[in-house]
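**Student:**
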Amino acid sequence: MNSQANGNLSSSKAAGPAGMSFSYSDTLMVEVMVGTPPQKQRMVLDTGSELSWLYCAKKASSNPPPFDPTLSPSYNAVPCNSPVCKEKTADFPVPVSCDDAKRFCYFTYMYADGTDVEGKLGSDVVNLQPSSPTAAPLRIPGVVLGCASSALPGTPGLMGLNRGALSFVSQLQTINISRKFSYCIADRFLSADSPGVLFFGNSPFAQNLNYTPLFTIALRLPYFNRAAYSLRLEGIKVGNSLLPIPKSVFLPDHTGAGQTMIDSGTQFTFLVGEAYAPLKQEFVRQNRGLLMNPMGGNFVFQGALDLCYQRPASAPFPQTLNPVTLMFDSAQITVDGHQLLYQIPKSSEGSYAANGMVIYCFTFGNSDLVPVEANIIGNHHQQNLWIEYDLQNSRIGFARARCNIN
Numbered sequence: 001m002n003s004q005a006n007g008n009l010s011s012s013k014a015a016g017p018a019g020m021s022f023s024y025s026d027t028l029m030v031e032v033m034v035g036t037p038p039q040k041q042r043m044v045l046d047t048g049s050e051l052s053w054l055y056c057a058k059k060a061s062s063n064p065p066p067f068d069p070t071l072s073p074s075y076n077a078v079p080c081n082s083p084v085c086k087e088k089t090a091d092f093p094v095p096v097s098c099d100d101a102k103r104f105c106y107f108t109y110m111y112a113d114g115t116d117v118e119g120k121l122g123s124d125v126v127n128l129q130p131s132s133p134t135a136a137p138l139r140i141p142g143v144v145l146g147c148a149s150s151a152l153p154g155t156p157g158l159m160g161l162n163r164g165a166l167s168f169v170s171q172l173q174t175i176n177i178s179r180k181f182s183y184c185i186a187d188r189f190l191s192a193d194s195p196g197v198l199f200f201g202n203s204p205f206a207q208n209l210n211y212t213p214l215f216t217i218a219l220r221l222p223y224f225n226r227a228a229y230s231l232r233l234e235g236i237k238v239g240n241s242l243l244p245i246p247k248s249v250f251l252p253d254h255t256g257a258g259q260t261m262i263d264s265g266t267q268f269t270f271l272v273g274e275a276y277a278p279l280k281q282e283f284v285r286q287n288r289g290l291l292m293n294p295m296g297g298n299f300v301f302q303g304a305l306d307l308c309y310q311r312p313a314s315a316p317f318p319q320t321l322n323p324v325t326l327m328f329d330s331a332q333i334t335v336d337g338h339q340l341l342y343q344i345p346k347s348s349e350g351s352y353a354a355n356g357m358v359i360y361c362f363t364f365g366n367s368d369l370v371p372v373e374a375n376i377i378g379n380h381h382q383q384n385l386w387i388e389y390d391l392q393n394s395r396i397g398f399a400r401a402r403c404n405i406n
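Going by this note's numbering, the first residue of the sequence shown is number 1, and it counts up by one from there.
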């Protein structure tokens with residue numbers, strides 16, 4: 001990281017009414033109040049998608065229960081003739097549809113992992129609860145949301161935060177908040193349920209940020225996500241060694257495939273095969289004295305993390321691994337220490353973890369195995385960073401920070 005700033009964010013909690021806390025395990029989960037009277041809802045923060053949605057149902061089958069639009073007189077279904085249905089859904093991965101009576105606007109939203117949600121578009125009041133006890137809730141009327149007929153595993157709702165017209169941050173313009181947001185994810189290694197802090201509007205930590213411009217392509221290409229937060233990745237280092245990867249590998253091809261995106265909704269970081277292969281080789285070479293005998297191709301975690309090691313459960317974590325640095329224009333992300341290896345849950349290890357052994361996997365994966373034709377920087381490598389998404393100036397800022405807000 002170019003910036004060496006280290007700020008304790010607990011002093012920033014009262015910086016504005018739009019600041020709120022979230023929990024972090026594999027995803028970033030925030031609580032919001034939706035409807036009139038307000039119903040408490042949990043939503044995953046996802047900078048990789050546009051549509052915000054809630055699981056809608058009358059039966060209280062979870063805690064908090066699903067959103068029940070029939071209990072909220074401020075809820076309105078989006079009609080088919082609305083500009084929201086006709087124009088603002090242009091970047092949805094699947095076109096919206098209408099019922100036979102041409103009254104209501106229906107969506108099916110598909111994700112890169114093959115999952116999808118579907119339901120009816122609607123709008124309602126959303127209240128954001130600030131992390132400061134002295135700040136008033138931020139009330140946002142008429143937020144367009146998907147009212148989903150079912151939820152995804154581990155995802156009771158989702159707050160879409162990309163650059164699309166219907167993303168949550170784009171809709172904040174209705175209350176004159178600047179089109180930017182920022183967050184800081186605490187170190188999960190220090191806490192099983194690490195906290196974080198999220199701000200909408202101007203960042204209280206902006207003076208320490210190093211910015212890199214967002215990467216855009218004017219043409220509509222089939223595999224280029226125009227609404228994503230795309231960056232220009234310029235190189236990768238292991239320790240002090242710059243990998244011999246041609247810069248063309250980091251650029252989208254003629255179809256748009258190969259862009260580099262930062263995504264809070266993805267856990268790990270994935271690189272296209274031409275970038276991942278030399279990274280894997282060099283990481284193994286430089287850390288051979290600390291990490292002996294990779295497991296080989298028989299064990300692949302989550303379909304793409306294929307560099308894994310068996311270690312005795314009693315062995316200390318190797319603290320002096322050579323870091324990996326992702327290099328951008330005017331900014332960089334350095335991944336070091338325990339963020340380089342992820343201890344696989346025992347439920348995923350099977351017979352590989354016999355005889356008091358545990359498995360650690362390198363936290364960079366091969367996107368060709370998923371398959372996703374892109375480089376994706378996931379939330380695991382966003383820990384201990386203050387990250388600002390500045391849509392107004394088409395840039396992203398990074399700074400090292402201690403993200404605990406306790």
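Glycine included, each C-beta is placed from N, C-alpha and C at the ideal position. Please read all numbers here as calculations on a predicted model, not as lab measurements.
Can you tell me the Cα-Cα spacing of Ser-264 and Pro-79, whole angstroms?
**Tutor:** Between Ser-264 and Pro-79, the C-alpha separation is close to 31 angstroms.
**Student:** Please confirm whether His-254 has its beta-carbon closer than 8 angstroms to some beta-carbon of chain C.
**Tutor:** Among the chains in the structure shown there is no chain C, since it carries only a single protein chain.
**Student:** For Ser-230, count neighbouring C-beta atoms within 10 Å of its own C-beta (all shown protein chains included) and say buried if the count is 16 or more, exposed if not.
**Tutor:** With 16 or more other Cβ atoms within 10 Å, it is buried.
**Student:** Mind reading off the beta-carbon distance from Ser-203 to Ser-178? Whole number of angstroms is fine, and I expect it under 8 angstroms.
**Tutor:** That belief does not hold up - the Cβ atoms of Ser-203 and Ser-178 are roughly 10 angstroms apart, past 8 angstroms.
**Student:** Under the three-state reduction of DSSP, which class applies to Asp-368: helix, strand or coil?
**Tutor:** Helix, per DSSP.
**Student:** Ignore the nearest five residues each way along the sequence and tell me which others in Ser-367's own chain have a CB closer than 8 angstroms to its CB.
**Tutor:** Cβ neighbours of Ser-367 beyond the five flanking positions: Phe-270, Leu-271, Val-272, Gly-273, Tyr-276, Ala-304, Glu-373, Ala-374, Asn-375 and Ile-376.
**Student:** For Leu-209, which residues from the same chain have a beta carbon less than 8 angstroms from its beta carbon, with the 5 sequence-adjacent residues on both sides left out?
**Tutor:** Hits under 8 angstroms: Ser-3, Ser-203, Trp-386, Glu-388, Gly-397, Phe-398 and Ala-399.
**Student:** Could you say which of Gly-35, Val-84, Ala-112 and Pro-65 lies nearest to Ser-74 if we only look at CA atoms?
**Tutor:** Comparing Cα positions, the closest option is Gly-35.
**Student:** Tell me which same chain residues have a C-beta within less than 6 angstroms of the C-beta of Met-156, skipping the five on either side of it?
**Tutor:** Residue identity check: residue 156 is Pro in the sequence provided, not Met. Hits under 6 angstroms: Arg-42 and Tyr-55.
**Student:** Among all the DSSP beta bridges, which residues are the ones paired with Leu-128?
**Tutor:** Looking at the DSSP assignment, Leu-128 forms a beta bridge with Val-32 and Leu-138.
**Student:** Buried or exposed: where does Leu-242 fall if 16 or more other Cβ atoms within 10 Å of its Cβ makes it buried?
**Tutor:** Exposed, by the Cβ-count rule.
**Student:** Going by DSSP, what residues sit across from Met-261 in a beta bridge?
**Tutor:** Met-261 pairs with Ser-230 and Ile-376.
**Student:** Could you spell out where the beta strand (DSSP E) holding Ala-399 opens and where it closes?
**Tutor:** Start and end: 395-400.
**Student:** Please list, in chain order, all residues of the same chain as Met-20 whose beta carbon is under 7 angstroms from its beta carbon, the five residues on each side excluded.
**Tutor:** Val-30, Leu-128, Gln-129, Pro-130, Ser-131 and Leu-198, listed in sequence order.
**Student:** Considering only the beta carbon of each residue, do Ile-236 and Val-370 sit closer than 8 angstroms?
**Tutor:** No, these two residues do not count as a Cβ contact at 8 angstroms.
**Student:** Just grab the DSSP bridge partners of Thr-334 for me.
**Tutor:** Per DSSP, Thr-325.
**Student:** Among all the DSSP beta bridges, which residues are the ones paired with Thr-108?
**Tutor:** Answer by DSSP bridge pairing, in chain order: Glu-118.
**Student:** Does the pairing of the segment 82-96 with the segment 107-116 give three or more beta-carbon distances under 8 angstroms?
**Tutor:** As far as the Cβ criterion goes, the segment 82-96 touches the segment 107-116, which means the pair count is three or higher.
**Student:** Report the rounded CA-to-CA distance for Gly-365 versus Thr-216, giving the unit in angstroms.
**Tutor:** Cα to Cα, Gly-365 sits roughly 25 angstroms from Thr-216.
**Student:** Using the Cα positions of Asn-293 and Gln-39, report the straight-line distance between them to the nearest angstrom.
**Tutor:** The straight-line gap from Cα to Cα measures roughly 52 angstroms.
**Student:** Could you spell out the range, first to last residue, of the beta strand (DSSP E) harbouring Ser-21?
**Tutor:** Unbroken beta strand (DSSP E) run through Ser-21: 19-24.
**Student:** Beta carbon of Gln-26, beta carbon of Gln-267: below 8 angstroms?
**Tutor:** Going by the sequence as given, residue 26 is Asp instead of Gln. Yes, Cβ-Cβ distance for Asp-26 and Gln-267 is below 8 angstroms.
**Student:** Would Leu-321 pass as a contact of Leu-279 if the rule is Cβ separation under 8 angstroms?
**Tutor:** Not closer than 8 angstroms, so no.
**Student:** Between which two residues does the beta strand (DSSP E) harbouring Arg-311 extend?
**Tutor:** Its beta strand (DSSP E) spans residues 308-312.
**Student:** Tell me whether the beta-carbon of Lys-88 lies closer than 8 angstroms to the beta-carbon of Ala-165.
**Tutor:** Yes, the Cβ-Cβ distance between Lys-88 and Ala-165 is below 8 angstroms.
**Student:** Assuming Thr-363 and Leu-340 are in contact, meaning their beta carbons sit under 8 angstroms apart, how far apart are those beta carbons, in whole angstroms?
**Tutor:** With 8 angstroms as the limit, Thr-363 and Leu-340 qualify as a contact, their Cβ atoms being about 6 angstroms apart.
**Student:** Spell out the partners DSSP gives Thr-266 in its beta bridges.
**Tutor:** Bridge partners of Thr-266: none, in fact.
**Student:** Just list the residues that DSSP pairs Lys-280 with in beta bridges.
**Tutor:** None; Lys-280 has no bridge partner.
**Student:** Under a three-way DSSP split, which group does Gly-273 fall into?
**Tutor:** The answer is helix: DSSP assigns Gly-273 an H, G or I state.
**Student:** Output the boundary residues of the beta strand (DSSP E) element that contains Gln-39.
**Tutor:** Residues 39-46.
**Student:** Determine the direct distance from the alpha carbon of Lys-120 to that of Pro-37, and round the result to whole angstroms.
**Tutor:** Straight-line Cα distance between these residues: approximately 21 angstroms.
**Student:** Which complete beta strand (DSSP E) runs does the segment 135-181 hold, if anything under 3 residues is left out?
**Tutor:** Listed in chain order, they are 138-148 and 157-160.
**Student:** DSSP three-state label for Gln-286, please.
**Tutor:** Helix at Gln-286.
**Student:** Would His-254 be called buried (16 or more neighbouring beta carbons within 10 Å of its own) or exposed?
**Tutor:** Burial call: exposed.
**Student:** From the DSSP output, in three-state form, read off Asn-208 for me.
**Tutor:** Asn-208: helix per DSSP, three-state reduction.
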